[in-house]
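**Q**
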DNA sequence: GAGTTATTGCGACTGAGTCTCGATAGCTGC
DNA sequence: GCAGCTATCGAGACTCAGTCGCAATAACTC
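Chains as they are written, first to last, in the working numbering: chain A, 1188 to 1329; chain B, 1188 to 1329.
Below, the structure written as structure tokens:
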């Protein structure tokens, strides 16, 4: 979905230094199909002996989230997770069985938000739509 | 929005014991206009010397969330919060200035979700829409 | 190649949420 | 009203995610 080079390029383009831990994390993130937690990355980095520490994982995820390369996600379990994605406004649908996630454009939702704004009198600044269910693969497996 | 008696009745109806801490929390929750965190309730309970401890606050919120009297909410800051609400499917719009929250029915969103399901092939089990912005009062104050 | 400084690792720390366990107090049945 | 059963509570230790401060390191720049 997003490859390591894209992540590295984005970091470089934004003026961040290309360090070994950042390259390593870019690789880990790219190798993940779906969502992942900070703990996942940390565990994986330990397993592969990449020598990336806890603080660095969190700091890097912060940077990547700022750049929009990665997006924060709240799982129904209450965990905080991330997904790699293109930096345009969109939402995610997450498979509750395999964890895979797919980007969804929000056409249609804008209209719903606008109607809600009109009905309630609120000025809506941001919205977040998270969908959870079974992906096609897991559906046919079931 | 939701009064203490409603919360107490719901607990009783579901076969839970009506204890002093639960009554106290029902009162605190009812007195809150918008969303609140477990920490808010804990602080308020200490201030009013209600003698409700941390573990009890969390346990009670779990119960109330199971009953659908209270709903979990993830604030953009990453904090976990709750809102008291009617136990029917709906969403919340939260004022980022005063914290007030309003329930929003999801007519229109169902159609969006159905379209997304069709486009992606996912079977959508749950969805969560969270809207953040300025409520009418805060808008006119600004 | 030297200098500047962003970034890292380390390790201590914080704060939310959980768990255990003995004590307490609601409810039920009499 | 009282006794007994047991759900619930309080206390406090514990866990785990995430943060912070600081000295050491290593990317870039010139």
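The beta carbon of each residue, even a glycine, is placed where N, CA and C say it ideally should be. This one's a predicted model, so the numbers in the text were calculated from it and none came from an experiment.
(1) Between which residues of its own chain and residue 1310 of chain A is the CB-CB distance below 8 Å, once the five residues before and five after are set aside?
(2) Return the chain-ordered ranges of every beta strand (DSSP E) run that is complete within the region 1262–1329 of chain A and spans a minimum of 3 residues.
(3) Residue 1320 of chain B CB to nearest chain A CB: under 8 Å?
(4) Quick one: grab the DSSP three-state call for residue 1260 of chain B.
(5) Quick one: is residue 1320 of chain A buried, meaning 16 or more other Cβ sit within 10 Å of its Cβ, or exposed?
(6) For my contact list, residue 1217 of chain A and residue 1253 of chain A are in at a C-beta cut-off of 8 Å; report their separation, rounded to the angstrom.
(7) Leaving out the 5 sequence neighbours to the left and right, which residues in its chain are closer than 6 Å to residue 1322 of chain B when beta-carbon positions are compared?
(8) Could you tell me which of B/1289, B/1242, B/1284, B/1214 sits nearest to residue 1226 of chain B, measuring between CA atoms?
(9) Please determine, among B/1291, B/1290, B/1314, B/1260, the residue with the shortest C-alpha to C-alpha distance to residue 1301 of chain B.
(10) Check each residue of the region 1252–1278 of chain A: if its Cβ is closer than 9 Å to any Cβ of chain B, include it; give the result in chain order.
(11) Between residue 1207 of chain B and chain A, is the shortest Cβ-Cβ distance under 8 Å, so that the two count as touching?
(12) Give me the residue from A/1327, A/1328, A/1237, A/1267 with the minimum Cα distance to residue 1222 of chain A.
(13) Does the region 1224–1239 of chain B come into contact with the region 1190–1204 of chain B, if we say contact requires no fewer than three beta-carbon pairs (one atom in each stretch) closer than 8 Å?
(14) Inspect the beta-carbon positions of residue 1276 of chain B and residue 1260 of chain B and report whether they are closer than 8 Å.
(15) Assign residue 1142 of chain A to buried or exposed, taking buried as 16 or more other Cβ atoms, counted over all protein chains shown, within 10 Å of its Cβ.
(16) Give me, in chain order, the residues of the same chain whose beta-carbon lies closer than 6 Å to that of residue 1256 of chain B; leave out the 5 immediate sequence neighbours on both sides.
(17) Looking only at C-alpha atoms, which of A/1211, A/1285, A/1297 sits nearest to residue 1326 of chain A?
(18) To the nearest angstrom, how far is the alpha carbon of residue 1237 of chain A from that of residue 1263 of chain B?
(19) So residue 1313 of chain B contacts chain A; which residues on that side make the cut at Cβ distance below 7 Å?
(20) Taking residue 1283 of chain B as the query, report the chain A residues whose CB atoms sit under 8 Å from its CB, ordered along the chain.
(21) Is it right to say residue 1204 of chain A is buried, meaning 16 or more other beta carbons lie within 10 angstroms of its own, or is it exposed?
(22) Counting only Cβ pairs nearer than 7 Å, list the residues of chain B close to residue 1333 of chain A.
(23) In chain A, which residues lie with their C-beta within 8 Å of the C-beta of residue 1340 of chain B?
(24) Jot down the residue ranges of each uninterrupted alpha helix (DSSP H) in the region 1189–1232 of chain A, minimum 4 residues, whole runs only, in chain order.
**A** Concretely, from the data shown:
(1) For residue 1310 of chain A, the CB contacts under 8 Å within the same chain, skipping 5 residues up- and downstream, are 1304 in chain order.
(2) Correct list: 1267–1271, 1278–1282, 1288–1291, 1310–1321.
(3) The beta-carbon of residue 1320 of chain B is placed less than 8 Å from the nearest beta-carbon of chain A.
(4) Correct three-state label for residue 1260 of chain B: strand.
(5) By the neighbour-count rule (16 or more Cβ atoms within 10 Å), residue 1320 of chain A is buried.
(6) Taking C-beta atoms under 8 Å as the contact rule, residue 1217 of chain A and residue 1253 of chain A fail to qualify, at a distance of about 19 Å.
(7) The beta carbon of residue 1322 of chain B is closer than 6 Å to those of 1282, 1287 in its chain, skipping five residues each way along the sequence.
(8) Minimum Cα distance to residue 1226 of chain B is reached at B/1242.
(9) If we check each option's Cα against that of residue 1301 of chain B, B/1314 comes out closest.
(10) Under the 9 Å Cβ criterion, the region 1252–1278 of chain A contributes 1259, 1261, 1263, 1265, 1267, 1278.
(11) Residue 1207 of chain B has a beta carbon lying at 8 Å or more from every beta carbon in chain A.
(12) A check of alpha carbon separations from residue 1222 of chain A across A/1327, A/1328, A/1237, A/1267 identifies A/1267 as the nearest.
(13) Not touching, per the Cβ criterion.
(14) No, Cβ-Cβ distance for residue 1276 of chain B and residue 1260 of chain B is not below 8 Å.
(15) Since the first residue shown for chain A is 1188 and the last is 1329, residue 1142 of chain A is missing from the structure and cannot be characterised.
(16) Result list for residue 1256 of chain B: 1194, 1197, in chain order.
(17) From the listed residues A/1211, A/1285, A/1297, the smallest Cα separation to residue 1326 of chain A is found for A/1285.
(18) Those two C-alpha atoms are separated by around 32 Å.
(19) Per Cβ cutoff of 7 Å: 1263, 1319.
(20) The CB of residue 1283 of chain B comes closer than 8 Å to the CB of 1312 in chain A, given here in chain order.
(21) Residue 1204 of chain A sits exposed, since fewer than 16 C-beta atoms from the chains shown fall within 10 Å of its C-beta.
(22) Nothing can be reported for residue 1333 of chain A: it is not among the residues displayed for chain A, which extend from 1188 to 1329.
(23) Summary: the structure shown does not reach residue 1340 of chain B, with chain B confined to residues 1188 through 1329, and so no result is reported for it.
(24) Listed in chain order, they are 1191–1200, 1207–1217.
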